[in-house]
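A.B. asks:
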Amino acid sequence: MLAVRDMAAPAAGLRQRRPAGPAASPGPAASPGPRRGTAAPPLAPGSFWLTRIVLLRSTAFLYFVAFLVAFQQNKQLIGEKGLLPCRLYLQDIKKYFKGKVGLDALSYAPTLIWFLDWSAMDNTLDCLALAGLSGAAFVLLTGCANMVLMALLWLLYLSLVNVGQIWYSFGWESQLLETGFLGIFLCPLWTLSRLPQGSPPSRIVIWSFRWLIFRIMLGAGLIKIRGDRCWRELTCMDYHYETQPVPNPISYFMHRSPWWFHRFETLVNHFIELVVPFFLLLGRRMGILHGLLQILFQVLLIVSGNLSFLNWLTMVPSLACFDDASLGPLFGARLRERAARRQLPAPGGQRLSLGSCVRRVLNISLGLLIAYLSIPVVLNLVSSRQVMNTSFNPLRIVNTYGAFGSITKERTEVILQGTSSLDPHDPTAVWEEFEFKCKPGDLRRRPCLISPYHYRLDWLMWFAAFQTYEQNEWIIHLAGKLLAQEEETLSLLATNPFAGRDPPRWIRGEHFKYKFSQPGGKHAADGKWWIRKRIGPYFPPVNLQGLRKFFEDRNWPYPVQD
Numbered sequence: 016m017l018a019v020r021d022m023a024a025p026a027a028g029l030r031q032r033r034p035a036g037p038a039a040s041p042g043p044a045a046s047p048g049p050r051r052g053t054a055a056p057p058l059a060p061g062s063f064w065l066t067r068i069v070l071l072r073s074t075a076f077l078y079f080v081a082f083l084v085a086f087q088q089n090k091q092l093i094g095e096k097g098l099l100p101c102r103l104y105l106q107d108i109k110k111y112f113k114g115k116v117g118l119d120a121l122s123y124a125p126t127l128i129w130f131l132d133w134s135a136m137d138n139t140l141d142c143l144a145l146a147g148l149s150g151a152a153f154v155l156l157t158g159c160a161n162m163v164l165m166a167l168l169w170l171l172y173l174s175l176v177n178v179g180q181i182w183y184s185f186g187w188e189s190q191l192l193e194t195g196f197l198g199i200f201l202c203p204l205w206t207l208s209r210l211p212q213g214s215p216p217s218r219i220v221i222w223s224f225r226w227l228i229f230r231i232m233l234g235a236g237l238i239k240i241r242g243d244r245c246w247r248e249l250t251c252m253d254y255h256y257e258t259q260p261v262p263n264p265i266s267y268f269m270h271r272s273p274w275w276f277h278r279f280e281t282l283v284n285h286f287i288e289l290v291v292p293f294f295l296l297l298g299r300r301m302g303i304l305h306g307l308l309q310i311l312f313q314v315l316l317i318v319s320g321n322l323s324f325l326n327w328l329t330m331v332p333s334l335a336c337f338d339d340a341s342l343g344p345l346f347g348a349r350l351r352e353r354a355a356r357r358q359l360p361a362p363g364g365q366r367l368s369l370g371s372c373v374r375r376v377l378n379i380s381l382g383l384l385i386a387y388l389s390i391p392v393v394l395n396l397v398s399s400r401q402v403m404n405t406s407f408n409p410l411r412i413v414n415t416y417g418a419f420g421s422i423t424k425e426r427t428e429v430i431l432q433g434t435s436s437l438d439p440h441d442p443t444a445v446w447e448e449f450e451f452k453c454k455p456g457d458l459r460r461r462p463c464l465i466s467p468y469h470y471r472l473d474w475l476m477w478f479a480a481f482q483t484y485e486q487n488e489w490i491i492h493l494a495g496k497l498l499a500q501e502e503e504t505l506s507l508l509a510t511n512p513f514a515g516r517d518p519p520r521w522i523r524g525e526h527f528k529y530k531f532s533q534p535g536g537k538h539a540a541d542g543k544w545w546i547r548k549r550i551g552p553y554f555p556p557v558n559l560q561g562l563r564k565f566f567e568d569r570n571w572p573y574p575v576q577d
């Protein structure tokens, strides 16, 4: 803003030297404020009017994707007939706190659902998701938001995350909530405008976004160096593309890169995560370079795998590294001119509005809150026992982050199979496989490309494959629903081999080791993207009648054929 004053001063001086006359009015003539028809100054470094528009629209895009996933999958996962019904989860919390929905229960699981109708949980979940979709779409399309609207989006998603259980237990959920929380303070209190008069973006908020990307990247780098030795030996990328949760078609070819390229990739990863974050402390130009490198790095990760909306989300706080001068070429001339006029200092003696005063108080409070909540986060970063993707407060405002601290060296998959045979142990029984939306199964099916969308069930199946079914009881619940051919559950799958036929009598889980086929090799020539080898049974054959007590013990509704 000082640079703008220097640019405005000579013009004011020229106006003051004009001959005085009856038509002259020294008050308005000397005013440094903008006038209609006056050429707008160029966008000055250090202001963030355009940055706010980019940040808000980017955050709204991620909210839109997250609420879309919730609307399309929550009923099947946590609804009335879900694999892990959230109503039972809330009842358990209420029971633990002596049957009361008090401050303890609210602190343990902050969610609006405590105060909504539990008898129609599917409708409640849908209403929350649709409200979030509508609000996110408005901000995305218009670039306009106020504190009330952004706070509502944050509260709606917080309400879903805190009843989502394992389906919402990953770092990007907390990261979206922290990003969305900061987005609240980008906005004016009430006004809905892309460039609201008298409400410049606060530097406290901009630096809070920068502090977020600093923690995300440094946390990810430190957890790798302290974790799997392959990161120190530069060999992790030999395995990553093949063993990541949901590979895409490019992963198939990246896996076969030369050994020296994988070493180079690992070194670049360490540089981006451990060195580049400190560029933020080295002035404007290095901060812009930091933003460019981080965004390019996330684009490369998006291209090489389906990591939900994590990498798209990680680009958002990196955008706070760019000011109006650097973002100006991305906008039309009219909006650039309006932003440039907003940079001009207000006329002398102009009083701040009540909303502006409230925003100043809130922004200072935000800075103090972020500083206080960052204490355990910083202690975690410097600790040799660092933990990743953890929240130290129930509202998930300031969190720890990290990714792939350990790398699996072999890929295993759980394949669910059904049969109509009366005897599951009959050697002649024909077992047919259920195909998931995105996770590997059919050897000839091309790996999917879905990012930033996210199939939560497919992601959890990857974790289940290197654990046991006793650690993932929901997978037996899934088998029961497939035995009953429940339509809602089947909507989570890509293919149902029993469609239009009698339901299967038995379901079993088989454990396989999967590897990419060799491009140009005999398996690839046969149309196979994968080759596999059976490890053994994952869980034994089960039928619906045999699962009745298992369901009753957990208060799960007994599956009924649709």
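Every letter in the sequence shown is one number past the one before it in the working numbering, and letter 444, counting from 1, is 459. Each residue gets a CB set at the ideal place from its N, CA and C atoms; glycine is no exception. All values reported here derive from a predicted model rather than from experimental measurement.
(1) Just curious, the alpha helix (DSSP H) that G551 is in, first and last residue?
(2) Between the stretch 473-483 and the stretch 68-79, do three or more beta carbon pairs fall short of 8 angstroms?
(3) Going by the CB atoms, is the gap between I221 and F63 shorter than 7 angstroms?
(4) What are the start and end residues of the alpha helix (DSSP H) that includes G417?
(5) Nearest-angstrom Cα distance between S434 and L505?
(6) Starting from the C-beta of K389, find all residues in its chain whose C-beta is less than 6 angstroms away, skip the five residues before and the five after it, and write them out in chain order.
(7) Less than 7 angstroms between C-beta atoms, sequence neighbours within five positions excluded: which residues of the same chain meet that for F346?
(8) Closest by CA to R374, which one among L304, N161 and V575?
(9) Which class does R523 belong to by DSSP, given the choice of helix, strand or coil?
(10) Give the secondary structure of V290 by DSSP, where H, G and I count as helix, E and B as strand, and everything else as coil.
(11) E450 and T510 look like a contact to me (Cβ under 8 angstroms); what is the Cβ gap, rounded to whole Å?
(12) Taking 6 angstroms as the limit between beta carbons, can you name the residues of its chain near L233, skipping five residues before and five after?
(13) From what residue to what residue does the beta strand (DSSP E) around G433 run?
(14) Can you check whether the CB of I68 is closer than 7 angstroms to the CB of R230?
(15) Who are the Cβ neighbours of I379 in its own chain at under 8 angstroms, not counting the five residues just before and after it?
(16) In angstroms with no decimal places, state the Cα-to-Cα distance between P37 and P360.
(17) With 16 other CB atoms within 10 Å as the buried threshold, where does K96 fall?
(18) For K90, which of helix, strand or coil comes out of DSSP?
(19) Which residue wins for smallest C-alpha separation from R461, given the options I265, W182 and V84?
(20) Taking the alpha carbon of S368 as the reference point, which residue from P211, L58 and Q358 has its own alpha carbon closest?
(21) Do the stretch 88-95 and the stretch 126-145 make contact, defined as three or more Cβ pairs closer than 8 angstroms?
(22) Using DSSP bridges, identify the partner residues of K528.
(23) Alpha carbons only, please: which of Y256, F112 and E501 is nearest the one belonging to G515?
(24) Check whether the Cβ atoms of L381 and F200 sit closer than 7 angstroms, and answer yes or no.
(25) What span of residues does the beta strand (DSSP E) with A340 cover, start to end?
(26) Using the three-state DSSP reduction, which class does F268 fall into: helix, strand or coil?
(27) Count the other CB atoms within 10 Å of the CB of E193; is the residue buried (16 or more) or exposed (fewer)?
(28) Buried or exposed for E257, please, with buried defined as at least 16 other CB atoms from any protein chain shown within 10 angstroms of its CB.
(29) Which whole-angstrom value describes the C-beta separation of W182 and S323, a residue pair presumed to lie in contact below a C-beta threshold of 8 angstroms?
(30) Rounded to whole angstroms, how far is the Cβ of F337 from the Cβ of G306, which I believe are closer than 8 angstroms?
(31) For S406, write down the residues that DSSP places opposite it in a beta bridge.
(32) What residue range is occupied by the uninterrupted beta strand (DSSP E) comprising A514?
(33) Thinking S189 and N404 are a contact (beta carbons under 8 angstroms), I'd like their distance in whole angstroms, please.
(34) For the stretch 138-204, which segments carrying the alpha helix (DSSP H) assignment without a break, of at least 4 residues, lie completely within its bounds, in sequence order?
(35) Tell me the rounded alpha-carbon separation between I303 and Y468.
(36) By Cβ distance, which residues of its chain are closer than 6 angstroms to K424, with the 5 residues on each side in sequence left out?
C.D. replies: Reading it off the structure:
(1) On the sequence shown, position 536 is the one that residue 551 refers to. Run containing G551: none in the alpha helix (DSSP H); it sits in the beta strand (DSSP E), W545 to V557.
(2) no
(3) Counted from its first residue, the sequence shown places residue 63 at position 48. Counted from its first residue, the sequence shown places residue 221 at position 206. Yes, Cβ-Cβ distance for F63 and I221 is below 7 angstroms.
(4) As a working mapping, residue 417 is identified with position 402 in the sequence shown. Unbroken run through G417: none, as it is neither H nor E.
(5) Start at 1 with the first residue of the sequence shown, and residue 434 comes out as number 419. Start at 1 with the first residue of the sequence shown, and residue 505 comes out as number 490. Reading off the sequence, residue 434 comes out as Thr, not Ser. Rounded to the nearest angstrom, the two C-alpha atoms are 16 angstroms apart.
(6) In the sequence shown, the residue the question calls residue 389 occupies position 374. Here residue 389 turns out to be Ser, not Lys, going by the sequence shown. Correct list, in chain order: V413.
(7) Stepping through the sequence shown from its first residue, residue 346 is reached at position 331. Its chain contains L65 as the residues whose beta carbon lies nearer than 7 angstroms to that of F346, once the 5 sequence neighbours on both sides are disregarded; these appear in chain order.
(8) Translated into the one-based positions of the sequence shown, residue 374 becomes position 359. Checked all of L304, N161 and V575; the closest Cα to R374 is N161.
(9) One-based indexing of the sequence shown puts residue 523 at position 508. Reduced to three states, the DSSP call for R523 is strand.
(10) Within the sequence shown, the letter at position 275 stands for residue 290. Reduced to three states, the DSSP call for V290 is helix.
(11) Position 435 of the sequence shown, counted from the first residue, corresponds to residue 450. Position 495 of the sequence shown, counted from the first residue, corresponds to residue 510. Their Cβ separation, rounded to whole angstroms, is 4 angstroms, which keeps E450 and T510 in contact under 8 angstroms.
(12) If you number the sequence shown from 1, residue 233 lands on position 218. Contacts found: P292.
(13) Locating residue 433 in the sequence shown gives position 418, counting from the first residue. Per DSSP, G433 belongs to the beta strand (DSSP E) from R426 to T434.
(14) Residue 230 sits at position 215 when you count from the first residue of the sequence shown. Residue 68 sits at position 53 when you count from the first residue of the sequence shown. Going by C-beta atoms, R230 is not nearer than 7 angstroms to I68.
(15) Walking along the sequence shown from the start, residue 379 turns up at place 364. So the list reads I219, once near-sequence residues are dropped.
(16) Residue 37 sits at position 22 when you count from the first residue of the sequence shown. Residue 360 sits at position 345 when you count from the first residue of the sequence shown. Because the pLDDT at P37 is just 41, under 50, the model does not fix this residue reliably, and the value given afterwards should be weighed accordingly. So the alpha carbons of these two residues sit roughly 28 angstroms apart.
(17) Residue 96 sits at position 81 when you count from the first residue of the sequence shown. Burial call: buried.
(18) Working through the sequence shown from its first residue, we reach residue 90 at position 75. Of the three classes helix, strand and coil, the one that applies to K90 here is helix, per DSSP.
(19) Residue 461 sits at position 446 when you count from the first residue of the sequence shown. The candidate whose alpha carbon is nearest that of R461 is I265.
(20) Translated into the one-based positions of the sequence shown, residue 368 becomes position 353. Answer by Cα proximity: P211.
(21) yes
(22) Walking along the sequence shown from the start, residue 528 turns up at place 513. For K528, which the question treats as bridged, DSSP gives the partners T427 and K548.
(23) Position 500 of the sequence shown, counted from the first residue, corresponds to residue 515. Measuring from the Cα of G515, the nearest candidate turns out to be E501.
(24) Locating residue 381 in the sequence shown gives position 366, counting from the first residue. Locating residue 200 in the sequence shown gives position 185, counting from the first residue. In contact: L381 and F200 (Cβ atoms closer than 7 angstroms).
(25) Working through the sequence shown from its first residue, we reach residue 340 at position 325. Unbroken run through A340 is the alpha helix (DSSP H), D339 to L342; no beta strand (DSSP E).
(26) Here residue 268 corresponds to residue number 253 of the sequence shown, with the count starting at 1. Helix at F268.
(27) Here residue 193 refers to the residue found at position 178 of the sequence shown. Buried, because 16 or more other Cβ atoms sit within 10 Å of the Cβ of E193.
(28) Counting from one through the sequence shown, the residue named residue 257 turns up at place 242. Label assigned to E257: buried.
(29) Along the sequence shown, one-based indexing puts residue 182 at 167. Along the sequence shown, one-based indexing puts residue 323 at 308. W182 to S323, Cβ: 12 angstroms. No contact.
(30) Reading the sequence shown from its first residue, position 322 is the one you call residue 337. Reading the sequence shown from its first residue, position 291 is the one you call residue 306. 6 angstroms between Cβ atoms; contact.
(31) Taking the first residue of the sequence shown as 1, we reach residue 406 at position 391. Note: S406 sits in a beta bridge opposite N414.
(32) Within the sequence shown, the letter at position 499 stands for residue 514. Run containing A514: none; DSSP gives neither H nor E here.
(33) The sequence position of residue 189 within the sequence shown is 174, counting from 1. The sequence position of residue 404 within the sequence shown is 389, counting from 1. About 7 angstroms separates the two Cβ atoms, so the contact holds.
(34) 162-176 and 186-199
(35) Here residue 303 refers to the residue found at position 288 of the sequence shown. Here residue 468 refers to the residue found at position 453 of the sequence shown. Between I303 and Y468, the C-alpha separation is close to 29 angstroms.
(36) One-based indexing of the sequence shown puts residue 424 at position 409. So the list reads Y254, once near-sequence residues are dropped.
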